[in-house]
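*Asks:*
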Amino acid sequence: MPESTLSSRTVLVTGATSGIGYETARQLAERGATVLLHGPTAEETQAAADRLIATSDVKADQLVTHCADFGRLEEVEALADQVIAAHPHLDVLVNNAGMAAPEQHTMTADGNEVAFQVNFLAHYLLTRQLEPALTTDPGGRVVNVSSSLHRSGSIQWADPNRARRYSRLAVYAQSQLALTVFTADPRVTAVSVHPGVCDTALLPLYAHEGVTAAEGAAHVVRLCDPAVEIVNGAYYDRGVRMEPAPAAREDRTIRRLSALADLLVGRTA
Numbered sequence: 004m005p006e007s008t009l010s011s012r013t014v015l016v017t018g019a020t021s022g023i024g025y026e027t028a029r030q031l032a033e034r035g036a037t038v039l040l041h042g043p044t045a046e047e048t049q050a051a052a053d054r055l056i057a058t059s060d061v062k063a064d065q066l067v068t069h070c071a072d073f074g075r076l077e078e079v080e081a082l083a084d085q086v087i088a089a090h091p092h093l094d095v096l097v098n099n100a101g102m103a104a105p106e107q108h109t110m111t112a113d114g115n116e117v118a119f120q121v122n123f124l125a126h127y128l129l130t131r132q133l134e135p136a137l138t139t140d141p142g143g144r145v146v147n148v149s150s151s152l153h154r155s156g157s158i159q160w161a162d163p164n165r166a167r168r169y170s171r172l173a174v175y176a177q178s179q180l181a182l183t184v185f186t187a188d189p190r191v192t193a194v195s196v197h198p199g200v201c202d203t204a205l206l207p208l209y210a211h212e213g214v215t216a217a218e219g220a221a222h223v224v225r226l227c228d229p230a231v232e233i234v235n236g237a238y239y240d241r242g243v244r245m246e247p248a249p250a251a252r253e254d255r256t257i258r259r260l261s262a263l264a265d266l267l268v269g270r271t272a
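The sequence shown begins at 4 in the working numbering and counts up one residue at a time.
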C-alpha cells in the first residue's frame, strides 16, 4: 500500500488499546496517517500510544489520544465533541470497539444491555455526532468492524435488551447484525468488514485458533485507504465483498433500527 495514499488522512479508531484496533492504528500510522486513538480510559489509551511509539516506526505527533467508556453514552457524546473541536475534518471513522457479552444479563447506567450498547449503540451515536466532521471528499468513509456471526443474529424489536431470554451468543450476534444493518444507512458512506477469526479476546466466540490481530487489521486498513474503491453499504469478509444477512438489505429494517437506536441513545432527530 503506497504511503502517500494515507499520509494526509486523519482516522479515528475506536477500541485502539488492544487487538485489532491497536494493530489497525499501528498500520495506519506506519503508513503516515494521523490516528486518533480511542480507549476506555486515559491511562489505557496513553499506554497504547506509548507502546506504539516504542515498538514501531510511528512518531508521537501522529497520535492523538481520546478516552470514553462506551458503557456511558454521555462519554460517547463528549468524545464526539472533543474530536470535532480538535479535528473538524475527519477522513475515516473505524468503529472497532467491541466486547463479548457477559455471562449474566447486564445493563448499563443508560438502561441498555451492555454488549448491545458497547458494540452498536455507542458507535451509532458516535457516528451520528461526528457527521459534521466526516468528510465528503473522495475516500471519506466509516468502516464498521463487524463479524460473520451477524448472520446468525436477529434483532428482538420488542426486547432488544434480551431481558426475557438471555443468551451470550445471541446477544453478541444481535449487536453485530445491528452494526451491519447500520452500515447500509444512506446518511454516511460506510462499509462493514469481518476481519477474519483472530487471536484476540473475542476468539472464544468463534474458534480455538485464529490468525494474528495484525492479519485481521490489514483487512480493516485496506478499506480505510482512499485508493481502494468501495461500494457504499457493502459488507466485506476479509478482502472479498460478500452479501450480508438479508436484513442488512431491507429498507424497512434499516429505518426501524435507526428509529430504535435514536430512542435508546436519546436522540430526537
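No residue lacks a Cβ here, since even glycine has one placed at the ideal position from N, Cα and C. Predicted model only: the values in this text are computed from it and were never measured.
Which parts of the region 111 to 163 are runs of the beta strand (DSSP E), unbroken and 3 residues or longer, counting only runs that do not cross its ends?
*Replies:* Counting whole runs of 3 or more residues, the region 111 to 163 contains the beta strand (DSSP E) stretches 144 to 148.
*Asks:* So which of T215, E46, L180, L82 has the shortest CA-CA distance to E253?
*Replies:* Residue L180 is the option with its Cα nearest to E253.
*Asks:* Is there contact here, the region 86 to 94 with the region 217 to 225, by at least three beta-carbon pairs under 8 angstroms?
*Replies:* Segments in contact, no.
*Asks:* According to the neighbour-count rule (16 or more other Cβ atoms, all chains shown, within 10 Å of its Cβ), is L137 buried or exposed?
*Replies:* Classification for L137: buried.
*Asks:* For Q107 and A19, I'd like the C-alpha separation in whole angstroms.
*Replies:* Each residue's Cα considered, the two are about 26 angstroms apart.
*Asks:* Report the three-state DSSP secondary structure of H92 (helix, strand or coil).
*Replies:* Coil, per DSSP.
*Asks:* If contact is defined by three or more beta carbon pairs under 8 angstroms, each pair taking one atom from either stretch, is the region 44 to 51 in contact with the region 240 to 251?
*Replies:* Segments in contact, no.
*Asks:* Considering A193, what are the terminal residues of the beta strand (DSSP E) in which it resides?
*Replies:* Here the beta strand (DSSP E) through A193 covers 193 to 197.
*Asks:* Which partner residues does V97 have in the DSSP bridge list?
*Replies:* V16, V146, per the DSSP bridge assignment.
*Asks:* Using alpha carbons as the reference points, say which of T17, K62, S21 lies closest to A36.
*Replies:* When only C-alpha atoms are compared, the closest one is K62.
*Asks:* Per DSSP, what are the beta-bridge partners of H69 in this structure?
*Replies:* Beta-bridge pairing links H69 to H41.
*Asks:* Should E232 be labelled buried (16 or more other beta-carbon atoms within 10 Å of its own) or exposed?
*Replies:* Exposed: under 16 other Cβ atoms inside 10 Å.
*Asks:* Which of the three DSSP states is assigned to V234 in this structure?
*Replies:* Of the three classes helix, strand and coil, the one that applies to V234 here is coil, per DSSP.
*Asks:* Buried or exposed: which applies to A248, given that a residue is buried once 16 or more other Cβ atoms fall within 10 Å of its Cβ?
*Replies:* Result: buried.
*Asks:* Would you grab the beta carbon distance between L124 and L267 for me? Rounded to a whole angstrom, and I think it's under 8 angstroms.
*Replies:* Their Cβ separation, rounded to whole angstroms, is 6 angstroms, which keeps L124 and L267 in contact under 8 angstroms.
*Asks:* Leaving aside the five residues before and after R75 along the sequence, list all residues of the same chain whose C-beta is less than 8 angstroms from its C-beta, in chain order.
*Replies:* Same-chain partners within the cutoff: T111, A112, D113.
*Asks:* Please confirm whether E80 has its beta-carbon closer than 7 angstroms to some beta-carbon of chain D.
*Replies:* Absent from the structure: chain D. Only one protein chain is present.
*Asks:* Whose C-alpha, out of G236, N99, S59, is nearest the C-alpha of S150?
*Replies:* Looking at the Cα atoms, N99 is the closest of the given residues.
*Asks:* Please classify P5 as buried or exposed, where buried requires at least 16 neighbouring CB atoms within 10 angstroms.
*Replies:* Residue placement at P5 is flagged as unreliable, the pLDDT there being 41, under the threshold of 50; a coordinate-derived value is accordingly withheld.
*Asks:* Can you find the residues in the same chain that come closer than 6 angstroms, C-beta to C-beta, to S195, ignoring five residues on each side of it along the sequence?
*Replies:* Answer for S195: N147, S149, T183, T186, Y238, listed in chain order.
*Asks:* Please list the terminal residues of the continuous beta strand (DSSP E) segment that includes V243.
*Replies:* Looking at the DSSP string, the run of the beta strand (DSSP E) that includes V243 is 243 to 245.
*Asks:* Just to confirm my understanding: we take A264, look at its own chain, exclude 5 residues before and 5 after, and list those with CB closer than 7 angstroms. What are they?
*Replies:* Here the set comprises L124, Y127.
*Asks:* CA-CA distance, F73 and G42?
*Replies:* If you take the alpha carbons of F73 and G42, they lie about 9 angstroms apart.
*Asks:* In three-state terms, what does DSSP make of T256?
*Replies:* Here T256 sits in helix by DSSP.
*Asks:* By the three-class DSSP mapping on this structure, what secondary structure does D240 have?
*Replies:* D240: strand per DSSP, three-state reduction.
*Asks:* Out of V223, D228, L260, V234, state which residue places its alpha-carbon closest to the alpha-carbon of G22.
*Replies:* Nearest C-alpha to G22: V223.
*Asks:* For Q177, which option in A52, E134, G101, P229 has the closest C-alpha, if you only look at C-alpha atoms?
*Replies:* Looking at the Cα atoms, G101 is the closest of the given residues.
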